[in-house]
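First comes the structure, then the notes that go with it.
Residue numbers (my numbering), protein chains in the order written: chain A, 1101 to 1472; chain B, 9 to 232.
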């Protein structure tokens, strides 16, 4: 009977107190933003309060120990990243909020790393930058591009915030480009610049869609095809040359082939039955540097029978190794099932050898007539 | 040999004389399957010359001394020189017809060869003079090759219009430093022209590729 009445009374008082509290914390008390250097010492005064005022400090809502106080000021020594946060000081008795500081601990920027590259020659080039070490606080970058005395526009990349693009107006220029970047944040600033000739920064993107396929009836061949990078705008007037590298997965040493034309190549000295890894790189025929290596393609040369489980594959491999792996097969040889020595082949070797010899002789005759 | 501004005047005069020499006759090659092989040869020559120039320029710039031999040396181009400029608007370059493309190359190298010969006369060391002379000979070969291509395609060799050839103007006396700047730009322009020519001849090559080449490649692929 009497219980609900004091309960309602308390609720009302609490609501009133909340309203008063909210009024006291109206928008006029927006936190003061402060940036301080990592490792430094900082003293946060409690707004305009006297040094001897009785205050309590909190960070992100958690009370701070009184031993950090120097009067009403908060002392933080050897700032660490974890010290970043919202600091608030309250009048000890009334809990009236006196002052708030949003503290960000960071570093001034070190010299930025700037690089420029033309993967779309002759359309243009792009420059990208980054800081070697993080500052932990927001930075602003300003890029300027000079061609001789002419200022060129560097358009911001729509997706990447540390990149901008420049369009070539003229080609074959003897005048260098100078790209300067300045970076600044609340704790300091830094800058750097690079100068280069039009030709030295040309570096295409890697070739695309590298595919390696076995060649039927050819146990030592792999056919590799690729496409010129889609970012290279004019392969007709600015042809690319390519560099192909391949190795069986089990070996470390790469084989290399440089190709001045075309987007296909047949490897003719692959080890039979071994899985290969193949990559291609591209370069403008005359200027600039090689692209990075393409995404790797994997392929295994054609073998006659389907792949067995490892236990059965052992004897098959030892018999084939004498004919295929060690000595390169003569070019006129026609692939004959008998020579592979497979377990499932015919069991009368003498019958097979005769047609093979005849076939070889015929092939040799044809070859010699073609070579005139 | 005088070393003040008159030397440039004399050089310009010499260039004018050379310019009026009769055109190099095209080599008479029997059984020539069109301009393709000679375009390829011209292209190859530009690559060879570009390679040769790299070592020559390095040596010559060291001879000139700093700041000319510093990699970051980036002087403003005052425009006082009469060197043929390789730089061209991208769209203009793309749309050049074959005759104009070849003519521009021929004219450029004619001028550049002339200036290079002047350089040779002033070079101090015998080693430099030898390298320069060798380069001039190769450059003369390139000119002849371009002339050959033009003749095969039926284009006349450019005859200088009055007023466009390098004429002798009594300009201000060149200081030693300005002379070196001229040398620097000559080598820079030469290098850039050789890069441009490679691209020019690439374009010409692609346009004139004879179908026989495709058949040859096909045979090679079969290992014969």
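C-beta atoms are modelled at their ideal positions from N, C-alpha and C, and glycine is treated no differently. Note that the structure is predicted; figures quoted are calculated from it, not measured.
Beta-bridge pairing of residue i - partner residues as DSSP gives them
{"i": "residue 1189 of chain A", "result": "A/1157 and A/1199"}
{"i": "residue 97 of chain B", "result": "A/1270"}
{"i": "residue 1216 of chain A", "result": "A/1227"}
{"i": "residue 1358 of chain A", "result": "A/1343"}
{"i": "residue 1142 of chain A", "result": "A/1176"}
{"i": "residue 1246 of chain A", "result": "A/1251 and A/1278"}
{"i": "residue 1294 of chain A", "result": "A/1279"}
{"i": "residue 192 of chain B", "result": "None; residue 192 of chain B has no bridge partner."}
{"i": "residue 1398 of chain A", "result": "A/1377"}
{"i": "residue 1241 of chain A", "result": "A/1283"}
{"i": "residue 1169 of chain A", "result": "A/1174"}
{"i": "residue 1206 of chain A", "result": "A/1137"}
{"i": "residue 1288 of chain A", "result": "A/1285"}
{"i": "residue 1265 of chain A", "result": "A/1226 and A/1255"}
{"i": "residue 1163 of chain A", "result": "A/1158"}
Nearest-angstrom Cβ-Cβ length linking residue i and residue j, presumed shorter than 8 Å
{"i": "residue 1331 of chain A", "j": "residue 1220 of chain A", "result": "5 Å"}
{"i": "residue 161 of chain B", "j": "residue 106 of chain B", "result": "7 Å"}
{"i": "residue 214 of chain B", "j": "residue 1336 of chain A", "result": "6 Å"}
{"i": "residue 1290 of chain A", "j": "residue 1402 of chain A", "result": "Not confirmed; about 59 Å, so no contact."}
{"i": "residue 1229 of chain A", "j": "residue 1214 of chain A", "result": "5 Å"}
{"i": "residue 1193 of chain A", "j": "residue 1149 of chain A", "result": "No, residue 1193 of chain A and residue 1149 of chain A are not in contact; Cβ-Cβ is about 13 Å, not under 8 Å."}
{"i": "residue 136 of chain B", "j": "residue 71 of chain B", "result": "6 Å"}
{"i": "residue 1139 of chain A", "j": "residue 1152 of chain A", "result": "At roughly 30 Å, the Cβ-Cβ gap does not stay under 8 Å, so residue 1139 of chain A and residue 1152 of chain A are not in contact."}
{"i": "residue 1271 of chain A", "j": "residue 98 of chain B", "result": "5 Å"}
{"i": "residue 1363 of chain A", "j": "residue 1389 of chain A", "result": "With 8 Å as the limit, residue 1363 of chain A and residue 1389 of chain A do not qualify as a contact, their Cβ atoms being about 20 Å apart."}
{"i": "residue 1288 of chain A", "j": "residue 1208 of chain A", "result": "3 Å"}
{"i": "residue 1236 of chain A", "j": "residue 1202 of chain A", "result": "Not a contact, Cβ separation roughly 14 Å."}
{"i": "residue 1376 of chain A", "j": "residue 1346 of chain A", "result": "5 Å"}
Terminal residues of the beta strand (DSSP E) in which residue i lies
{"i": "residue 1284 of chain A", "result": "1277-1285"}
{"i": "residue 1376 of chain A", "result": "1376-1384"}
{"i": "residue 1342 of chain A", "result": "1340-1348"}
{"i": "residue 1319 of chain A", "result": "1318-1327"}
{"i": "residue 1224 of chain A", "result": "1224-1230"}
{"i": "residue 1367 of chain A", "result": "1364-1367"}
{"i": "residue 1313 of chain A", "result": "1308-1315"}
Beta-carbon proximity check, residue i vs residue j, cutoff 9 Å
{"i": "residue 1382 of chain A", "j": "residue 1306 of chain A", "result": "yes"}
{"i": "residue 1280 of chain A", "j": "residue 1253 of chain A", "result": "no"}
{"i": "residue 1285 of chain A", "j": "residue 1187 of chain A", "result": "no"}
{"i": "residue 1282 of chain A", "j": "residue 1241 of chain A", "result": "yes"}
{"i": "residue 1210 of chain A", "j": "residue 1301 of chain A", "result": "no"}
{"i": "residue 1206 of chain A", "j": "residue 1137 of chain A", "result": "yes"}
{"i": "residue 7 of chain B", "j": "residue 142 of chain B", "result": "The structure shown does not extend to residue 7 of chain B, since chain B is modelled only from 9 to 232, so the question has no answer here."}
{"i": "residue 50 of chain B", "j": "residue 202 of chain B", "result": "no"}
{"i": "residue 1191 of chain A", "j": "residue 1198 of chain A", "result": "yes"}
{"i": "residue 189 of chain B", "j": "residue 69 of chain B", "result": "no"}
{"i": "residue 186 of chain B", "j": "residue 64 of chain B", "result": "no"}
{"i": "residue 1295 of chain A", "j": "residue 191 of chain B", "result": "no"}
{"i": "residue 233 of chain B", "j": "residue 44 of chain B", "result": "Residue 233 of chain B lies beyond the range of chain B shown here (9 to 232); nothing can be said about it."}
Neighbourhood of residue i by C-beta, 8 Å cutoff - its chain only, sequence neighbours within 5 removed
{"i": "residue 1106 of chain A", "result": "none"}
{"i": "residue 1141 of chain A", "result": "1175, 1176, 1177, 1178 and 1179"}
{"i": "residue 197 of chain B", "result": "91, 92, 93, 94 and 120"}
{"i": "residue 52 of chain B", "result": "none"}
{"i": "residue 1130 of chain A", "result": "1200"}
{"i": "residue 1158 of chain A", "result": "1164, 1187, 1188, 1189 and 1190"}
Boundaries (first-last residue) of the alpha helix (DSSP H) holding residue i
{"i": "residue 1135 of chain A", "result": "Looking at the DSSP string, residue 1135 of chain A is not in any alpha helix (DSSP H); the run it does join, the beta strand (DSSP E), is 1132-1137."}
{"i": "residue 1260 of chain A", "result": "Segment: none, residue 1260 of chain A is in no alpha helix (DSSP H) and carries neither H nor E."}
{"i": "residue 157 of chain B", "result": "134-160"}
{"i": "residue 45 of chain B", "result": "44-72"}
6 Å Cβ shell around residue i - same chain, five flanking residues per side excluded
{"i": "residue 1394 of chain A", "result": "1306, 1307, 1310, 1379 and 1380"}
{"i": "residue 1339 of chain A", "result": "1385"}
{"i": "residue 37 of chain B", "result": "Low confidence applies here, because residue 37 of chain B scores a pLDDT of 47, under 50, leaving its location unreliable and the question unanswered by this model."}
{"i": "residue 1533 of chain A", "result": "An answer regarding residue 1533 of chain A cannot be provided, because it is not within the stretch 1101 to 1472 covered by chain A."}
{"i": "residue 1266 of chain A", "result": "1224, 1225, 1245, 1252 and 1254"}
{"i": "residue 33 of chain B", "result": "Interpretation of residue 33 of chain B is limited by its pLDDT of 46, a score under 50 that renders its predicted location unreliable; the figure taken from the coordinates is listed afterwards. Correct list: empty, nothing qualifies."}
{"i": "residue 1212 of chain A", "result": "1229, 1231, 1281, 1283 and 1292"}
{"i": "residue 1145 of chain A", "result": "1173"}
Contacts around residue i, its chain only, beta-carbon distance under 7 Å, and the 5 residues preceding and following it disregarded
{"i": "residue 1473 of chain A", "result": "Summary: the structure shown does not reach residue 1473 of chain A, with chain A confined to residues 1101 through 1472, and so no result is reported for it."}
{"i": "residue 1350 of chain A", "result": "1374"}
{"i": "residue 1269 of chain A", "result": "none"}
{"i": "residue 166 of chain B", "result": "111, 114 and 115"}
{"i": "residue 1357 of chain A", "result": "1344 and 1365"}
{"i": "residue 153 of chain B", "result": "46, 49, 50 and 53"}
{"i": "residue 1109 of chain A", "result": "none"}
{"i": "residue 1387 of chain A", "result": "1299 and 1302"}
{"i": "residue 1359 of chain A", "result": "1341, 1342, 1344 and 1365"}
Residue-level contact to chain D via CB, residue i, 9 Å cutoff
{"i": "residue 80 of chain B", "result": "Among the protein chains in the structure shown, which are A and B, there is no chain D."}
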